[in-house]
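Q: Following the working numbering, the numbering of the sequence shown begins with 119 at its first residue and continues without gaps. From the three backbone atoms N, C-alpha and C, an ideal C-beta is built for every residue, glycine too.
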Amino acid sequence: MNFKNTLGAAIAIFAIGITSNTTFAAGGAPGAANADPSKHFHPKGKMPSKYTKQIFADARKNLPFSDKQDFEEKNKGFIAAPKYKKIMADAGNVAWDMERYEFLADADKYNSIHPSLLRQSQLNMNYGLYKVVDGVYQVRGFDLANITFMQGKTGWIVFDPLTASETARAAKELVDEHLGKKPVVAVIYSHSHGDHWGGVRGIVDEADVRSGKVEIIAPRDFMQHAISENVYAGNAMSRRMFYQYGVLLPASPYGHAGQGLAQNVAAGNLGLIQPTRIVEKDIETFKVDGITMEFQNTPGTEAPSEMNTWIPSIKGLWMAENVVGSVHNIYTLRGAQVRDSLSWSKYINEALHKYGTKAEVMFASHHWPRWGNDRVQQVLKDQRDIYAHMNNEVLHHANQGVTINEIHNIYKSPSSLDKGWTTGFYHGSRENNSRAVINYYLGHWDANPATLIPLSPRDSAPLYVEMMGGSKKIIAKGKALFKQGKYRGAVEILDKLVFAEPKNQAGKDLLADNYEQLGYQQENPGLRNAFLAGAFELRSGIPGGTSPKGGGPDVIRAMTTGLFLDYLGIRMDSKKAVGKAFKINLITPDNGEKYLVELSNETLTNIEGYTANDADLTITINRTDLEQTMMGAKKFTDQIKDGTAKVKGDTKILGQLGAMMVDFELDFEVLPGTKGKPEKTDQNDFEASAAANVAE
Ligand SMILES: [Zn+2]
């Protein structure tokens, strides 16, 4: 496996902006398939232990595998699958590959995937064009999300055009082939996450949007959240994707085995065309290409900007990503602001009472539809209850002293819901969602003074190792615990050893073995991937390689100047700013904006709408020209040289500020002693990293 290519492709998947100017070689599929699924892909890899297999056996016995309703629903309305299994990206790499997951069909025989996760991943092998009801069709299995086509008066109304233009285009071609060629006349972005809008350029021409031929509809505050949610902590989020999404792991019974929401995310061109109509009110009703639709804004649920849609003519309820075939994330392992489980439950309850009582079909941006009013109501109720239960039950315990460091060992979902399949934990996990609820209300501190200002792991670990009697004793005990199947216990002590002795490969390998068994045991793919990715990096190290380059032009263009300046403040190395102070006026005449940017106290701040009379430097440049610098296409000094930017005052400041900027690299160490060879990036001083991730 070519790790560098794989890493590059992984960046391409998750960091918006890697398109034509990627630095990785084309052809590296995201975490390639394992050539022989009967063998472990890693030379140090281990097979599932008897303890791990016992957990699988218990799950097979206790879960209702005879209930096949999900399989009936996922198969219903099937029209056709394409002849191909791979969709190529314009850049030459594989954008989408269903072939690499074919091992899932008979993965039971490897006995290395939790049976509940395996069932979900087998359901997610749905691939092709499906009829939902007359006039409504979905292409599934072309990307992380579904793309939905609804027949309007004059053409297609599309809900959620996938992550990449290549996969969206392929979906439209499949629709054309089987349902006749019709234009897309409207697009509805259900929410601000990239897997629901990034492929829009594959199905509509921006000129048609500008001329009014194509309408694009989005929920309140869509643009702000589509761009901002992942910028400030973007590089860290991208790195953590390696864990949650296991992007370096080969598809294998011992590696990546699906992502719960779908098998994976497409690695192609991500673009964004701004909406032409925003649904501002809580509830708004209007016609879209002749079809009456009632939109329900649901801010602060699965995404900060999201909406459901009720379509009376088909008695159809589109639940966006608020109700899918899984419990969703209250806390997203890749990192995102914690969500409000109670408010999520309340919006589902509103949808149930407003629309669910009369709906005959419910469909969503992931998984398969639910037909019949009884089924729709059941799923809505179950999902309403699980989000409320997580909130209420966790706080019930917290109010009796259970802390964020214990709740995941205590929280149990309702037994009645565990007996069915409508609320499986295939995206959010019980463990991390319960911790998230405490975090949402009480924050990270468990109120134990010992954890108030703890030593950093690298500083505390040597003390533990010394007091435990050194590495030999720890490894001996670690081996004994491993043999007994006490993997979490082994992790407790081996983690200390690895942090104290990052070069101790025997310690790292033993820790990896324990992570691996814990990974196999998980029903939740995020947890499985995180453990298996940790094992992978401990055994092989993380590859050195490319850093994300800015330049997804649509996304950079959509960044506000304020967001760009905020991000400069984050990139600035404050140690290099010691003793320096200046004020810069930034004026962008074409959009009528002005900013005062000020360096003081080793901190860069900005304020919109103000300038200073005593500024050290005043820059006047059109925002459209500034974007060239933000995208890295043109250096700021060149903008000044050719007169595109007019400057008054001390231009040396720009050089000083540029020299304070740090280019974040994606391959920072998560686990000690795993770092590969660093490579210098070629980011320009003021280039923005459009690190908007496909957030879930
Ligand atoms: Zn999604």
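With DSSP as the reference, label Ile705 as helix, strand or coil.
A: Three-state result, Ile705: strand.
Q: Secondary structure at Ser356, three-state DSSP: helix, strand or coil?
A: In this structure, Ser356 counts as helix in the three-state DSSP scheme.
Q: Please go through the stretch 586-658 and give each complete beta strand (DSSP E) segment of 3 or more residues, from N-terminal end onward.
A: Within the stretch 586-658, no complete beta strand (DSSP E) run reaches 3 residues.
Q: Taking the alpha-carbon of Ser483 as reference, which of Asn180, Phe786 and Tyr255 has the nearest alpha-carbon?
A: Per the Cα distances, Tyr255.
Q: Quick check on His160: does DSSP put it in helix, strand or coil?
A: If DSSP states are grouped into helix, strand and coil, His160 belongs with coil.
Q: Determine the DSSP secondary structure at Val349, reduced to helix, strand or coil.
A: It is coil, neither helix nor strand.
Q: Does the Cβ of Asp313 lie closer than 6 Å to at least one heavy atom of ligand 1?
A: Checking every heavy atom of ligand 1 against the Cβ of Asp313, one is found closer than 6 Å.
Q: Say yes only if the C-beta of Ala699 is nearer than 6 Å to one or more non-hydrogen atoms of ligand 1, and no if none qualify.
A: Result no, Cβ not under 6 Å from ligand 1.
Q: Within the present structure, is the beta-carbon of Glu439 separated from the nearest heavy atom of ligand 1 by less than 6 Å?
A: Yes - ligand 1 has a heavy atom lying nearer than 6 Å to the Cβ of Glu439.
Q: Nearest to Ser718 by CA position, among Val696, Ala286, Gly588 and Ala554, is which residue?
A: Among Val696, Ala286, Gly588 and Ala554, the Cα nearest to that of Ser718 is on Val696.
Q: Assign Glu524 to one of three DSSP states: helix, strand, or coil.
A: Three-state result, Glu524: coil.
Q: Can the beta-carbon of Pro371 be found less than 7 Å from the beta-carbon of Tyr228?
A: Against a cut-off of 7 Å, the Cβ pair of Tyr228 and Pro371 comes out as a contact.
Q: Beta carbon of Ala289: closer than 6 Å to some heavy atom of ligand 1?
A: Ala289 Cβ: outside cutoff for every heavy atom of ligand 1.
Q: Helix or strand or just coil, what does DSSP make of Trp462?
A: Three-state result, Trp462: helix.
Q: Select from Lys331, Gly364, Glu420 and Glu324 the residue whose C-alpha is nearest the C-alpha of Gln392.
A: Per the Cα distances, Glu324.
Q: Can you grab the Cα-Cα spacing for the pair Trp428 / Ala469, in whole Å?
A: Those two C-alpha atoms are separated by around 9 Å.
Q: Excluding the 5 residues preceding and the 5 following Gly680 in the sequence, name in chain order all residues of the same chain whose CB lies nearer than 6 Å to its CB.
A: Glu726, listed in sequence order.
Q: Do Ala344 and Ser310 have their CB atoms nearer than 7 Å?
A: Taking 7 Å as the Cβ cut-off, Ala344 and Ser310 qualify as a contacting pair.
Q: According to the Cβ coordinates, are Gln496 and Val441 closer than 7 Å?
A: Cβ atoms of Gln496 and Val441: not closer than 7 Å.
Q: Would Ala289 and Ala151 qualify as a contact pair, given that the criterion is a beta-carbon distance under 7 Å?
A: Cβ distance not < 7 Å, so Ala289 and Ala151 don't count as in contact.
Q: Mapping DSSP to helix, strand and coil, what is Arg457?
A: The answer is coil: DSSP assigns Arg457 none of H, G, I, E or B.
Q: Here's a check: name, in chain order, each residue in its chain whose Cβ is nearer than 6 Å to the Cβ of Tyr505, leaving out the five neighbours to either side.
A: Ser459, Trp462 and Ser463.
Q: Just verifying my parser: in three-state terms, what is the DSSP assignment at Met508?
A: Helix at Met508.
Q: Use the C-beta contact count for Asn180: other C-beta atoms within 10 angstroms, 16 or more gives buried, fewer gives exposed.
A: With fewer than 16 Cβ atoms within 10 Å of its Cβ, Asn180 is classed as exposed.
Q: Could you compute how far the alpha carbon of Phe649 sits from the alpha carbon of Arg358?
A: One C-alpha to the other measures close to 12 Å.
Q: Would you call the stretch 149-168 and the stretch 607-626 touching, i.e. three or more CB-CB distances under 8 Å?
A: Flag = no, the stretch 149-168 and the stretch 607-626 do not touch.
Q: Compute the Euclidean distance between the alpha carbons of Gln774 and Tyr449, then round it to the nearest angstrom.
A: Cα to Cα, the separation comes out at about 39 Å.
Q: I'd like the list of long-range same chain contacts for Ser552, defined as Cβ closer than 7 Å, with 5 residues on each side in sequence excluded.
A: The residues are Met508, Val512, Ile525, His526 and Tyr529.
Q: Could you name each continuous alpha helix (DSSP H) segment of 4 residues or more that falls completely within the stretch 207-259, going from the start of the chain to the end?
A: Runs found: 233-241.
Q: Return the bridge partner residues of Val715 from the DSSP annotation.
A: DSSP, once it has assigned bridges, lists Ile702 and Asn724 as partnering Val715.
Q: Ordered along the chain, which non-local residues of its own chain (more than five positions away) have a Cβ less than 6 Å from that of Arg178?
A: Pro233, listed in sequence order.
Q: Who are Gln501's beta bridge partners in DSSP?
A: DSSP lists no partner for Gln501.
Q: In whole angstroms, what is the alpha-carbon distance linking Val673 and Met425?
A: C-alpha separation (whole angstroms): 22 Å.
Q: Considering only DSSP beta bridges, list what Arg395 is partnered with.
A: DSSP lists Ile335 as partners of Arg395.
Q: Ends of the beta strand (DSSP E) at Ile76?
A: Missing from the structure shown is residue 76; the chain here goes from 119 to 814 and no further.
Q: Give a single yes or no on whether Ala286 has its beta carbon closer than 6 Å to a heavy atom of ligand 1.
A: Result no, Cβ not under 6 Å from ligand 1.
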